[in-house]
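These notes concern the structure reproduced below.
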């Protein structure tokens, strides 16, 4: 059989040749959109590779991006990865100080930034002398350091793919919601195989006829692989820029006839609230794929009913490229379950010491994972991130049902120790979150002189609901000493940079006792 | 990222762990079926590996199979491939003499044969002294050389997958309809990537909820990859044994609630004729995937109307593992088109000398192909099967339309030279085949003293139709000198061992002039 290196440039090559008019569409702020076909996008990405070569970027060098989901960001991605350099995506919701620490660690040579993030980018540049050059994209008006004039004056003659498939292509730091951020290096091979996995009919099932809205950010965990999957099949890739509020998304979905939306639950809450307020409908939308955080059953039902879509739940991690499990389309949707692993991902439940549980079904354990797109070693670390048998400990607690469906039951680090016994906040959150009035619920431990820690409940609600009504469903469902000591109403639940509930902030503000 | 070798044993490991009760079902002759879950099938396949080890089979050794599509054949496949040996599938429709030549070339050490093929297997054994042992499967009654007692007395403790992903896993000889049979070696990596490709939503889109009927034989081109794809997603794999007549297939589809059927057009003709005769319906069947031969538009319409299914056309070759293009489900079905290539397959049209045509769309050319599951070199050959740029010349003539759909327009070797000019029989066959009365049509060249060759038409029809009615639609559609000189009615079109029209036999019987 022929030699065929699994490198990501092949996805854009294929799209340019076989779906040249397949589009990448970027929402403009204030309305309207920019659009480009895959053939033209490839031509521009090749020019960007030449620009980077001209700036001294070589194979294996890191190039950082600080940008929203946009056509220009996709072009820069393929330019960096196609030439064999490594795309280090930076999360604009972190502080300049945090980002400086990351680019110093990665030794990035060039920084690419969206125009509105240029001030932050310059702050990073001033403190990270290893970065030789700033390139600004996504600018609506002339500005300093623009990439665009350099593209115009360069020829599309870069050579892509001239390296091993095991070469690194990307670098992303974990969100740090549960610990210090650590770098995860993706390879061409791992991301290629991840793409083929999510394209399966039983996973994300993205087809050339789909218009896929990637609300999940490209700056975190590769936007769940969509910027690779869409060109691989020639699907229309719809990018929201930085506007991910309900009204902006509704406008974009309607204008671009989006069929599949992908994002964290809070994004869809915003969309549903907007539609409920305006009475608008989005008939093109068929499916929503959620992940990144547990889905409250009430929110799931509200989304399915109001939008007339099927919700597919999923579970993943930065360390998993990021997809771990997805609920197949034919399965009945259940908010509590996160779907099953497709071939290439394997799951194991262990005890707290990492020993495999004798039974793997219908019991709770510590979740470990293994596979073609699962981390072996964090960036810059000498020791593996896996155990001796090659399993990566996720830090999640989980059950797997008889049909193989994964249910994340908590984070080991979120567990609350009260009177020497463990309380799992996720179980309490699931019960309270099932109430129709509850949009978001979080349980954290508060310092307690007598018990060490005691659980408290923080909720974002819609409509009137008493403390007693919030806690009543817990009686008989969890042990009586698990019931939170206090309830706090928040106008807006604080969210971390990835859209997950920011428990670190909640603990800082409410956990002191 | 973690090391993860792309080896085929992983598909069955995944099925056994995540879909242990997913079934492989084999039709029994005379009715009824045998069934087994993937977990039990894996256990048995591991035992077969141990049996083969006990017979001295080592990594890289060839083990030949001469068998119908059955559970036992699937077990033997995974046993051979899982341990790193090479499964050399033999086509029972060839002669013992032809098969002896093949196993002598492959140096097979063991031969596994279905019980009803044991006499042929013994004939091969007598003339191929390299084969040390015969193992008989699929036996309804006690018989000599049975594998079953050896399975029962062995433990499932073989080690699978302990070899490089580039190791060979299978060997299949081309059908020889257009030349001497040549061996094609598949590797674990190429077949693994082929499987991930066909599982895409835009290709075969097989889901864990499907029941897939593999009428395409395992002895040729891996039954189009279905014995790998079904366990990879946990789909039910339904195997017809040797009975592929319309009545047997109808019974099996109804009993097993088959959702997707895969086979050559003539198989579905038999099914439709049976249903038309009996008035039966098959409500579970949703899709039929055809390939291996062009689909007459009339037959396609008959199938879609009578069965209430969507037909997906496709194109492939033994040398392509075998899938090349498949019509995505969302596309309107058109008999003349064979679908588009998914990423991992690329197509090129050249002139007769192999130079790329300047235009690649809406022109006819010689088809070349490149990809991860495309042949590099025939078994035992020193020279590559590809050109200097790595393209494999298929021998097919083809057009590609503006949307990237492939249309095979003929075989270069089938072209008829009349008066120094070329006639393409496939174009004539397409016009005549579109008549509702025509089930199968073939045009071959007959020796002619004056013109060198002249085309003649051979047809299998249903209902009355005059010669003139058969030829009339050609007028104005093809040059007047392309119109066949004679029409022959055949009660049954001769089919080659793979179900394609046997043009070699037609030329022998009718081409002499």
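Protein chains in written order, with my numbering: chain A, -15 to 497; chain B, -15 to 497.
For every residue, glycine included, the Cβ atom is placed at its ideal position computed from N, Cα and C.
Check	Outcome
Range of the contiguous alpha helix (DSSP H) that encloses residue 135/B	132 to 136
9 Å Cβ cutoff, residue 284/A in contact with chain B	no
Neighbouring residues, chain A, relative to residue -6/B (Cβ below 7 Å)	327
Proximal residues of chain A, C-beta to C-beta of residue 2/B below 7 Å	324, 325, 388
Exposed unless 16 or more other CB atoms sit within 10 angstroms - verdict on residue 273/A	buried
Every unbroken alpha helix (DSSP H) inside the segment 85 to 144 of chain A [4 residues or more]	102 to 111, 132 to 136
7 Å CB neighbourhood of residue 388/B in its chain, flanking five on each side removed	324
Closest residue to residue 120/A among 97/A, 226/A, 437/A (Cα-Cα distance)	97/A
Residues of the segment 21 to 37 of chain B whose Cβ lies closer than 7 Å to any Cβ of chain A, in chain order	none
Same chain only: Cβ atoms within 8 Å of residue 484/B, ignoring 5 sequence neighbours per side	159, 161, 248, 276, 277
For residue 270/A, three-class secondary structure by DSSP	coil
CB contact below 9 Å: residue 192/B versus chain A	yes
Rounded straight-line distance, which links the Cα of residue 279/A to that of residue 297/A	8 Å
Separation of residue 321/B from residue 433/B, as counted between CA atoms	37 Å
Chain-ordered neighbours of residue 72/A on chain B, where CB pairs are closer than 8 Å	Neighbours of residue 72/A on chain B: none; closest Cβ ~16 Å, over 8 Å.
Residue-level contact to chain A via CB, residue 392/B, 9 Å cutoff	no
Proximal chain A residues relative to residue 186/B, where beta-carbon distance stays under 7 Å	191, 192, 217
Proximity test, Cβ basis, 9 Å: residue 313/B and chain A	yes
Residue 82/B in three-state terms, based on DSSP	helix
Residues within the segment 336 to 368 of chain A neighbouring chain B, beta-carbon criterion of under 7 Å	354, 355, 356, 357, 358, 359, 360
6 Å Cβ shell around residue 70/B - same chain, five flanking residues per side excluded	46, 152, 155
Listed by chain order, chain A residues near residue 174/B by CB distance under 9 Å	-15, -14, -12
Span of the beta strand (DSSP E) around residue 220/B	220 to 223
Expected contact under 8 Å - CB spacing of residue 135/B and residue 28/B to nearest Å	6 Å
Inter-stretch contact (C-beta, 8 Å, three-pair minimum) for the segment 289 to 305 of chain B and the segment 350 to 360 of chain B	yes
Three-state secondary structure (DSSP) of residue -14/A	coil
Rounded separation between residue 33/A and residue 56/A - CA only	13 Å
The segment 458 to 476 of chain A in contact with the segment 308 to 318 of chain A per 3-pair CB rule at 8 Å	no
Interface partners of residue 374/A on chain D, CB under 7 Å	Note that chain D does not occur in the displayed structure, where the protein chains are A and B.
Same chain only: Cβ atoms within 7 Å of residue 252/A, ignoring 5 sequence neighbours per side	272, 274, 287
C-beta neighbour in chain A for residue -2/B, strict 9 Å	yes
Alpha helix (DSSP H) segment containing residue 329/B, residue limits	Where residue 329/B is concerned, there is no enclosing alpha helix (DSSP H), although the beta strand (DSSP E) it sits in stretches over 329 to 334.
Interface residues of chain A facing residue 183/B [CB-CB closer than 7 Å]	184, 185
Buried versus exposed, by CB contacts within 10 Å (16 or more), residue 232/B	buried
For residue 6/A and residue 477/A, the rounded distance between their alpha carbons	38 Å
Integer Cβ distance of residue 165/B from residue 86/B, believed to fall under 8 Å	7 Å
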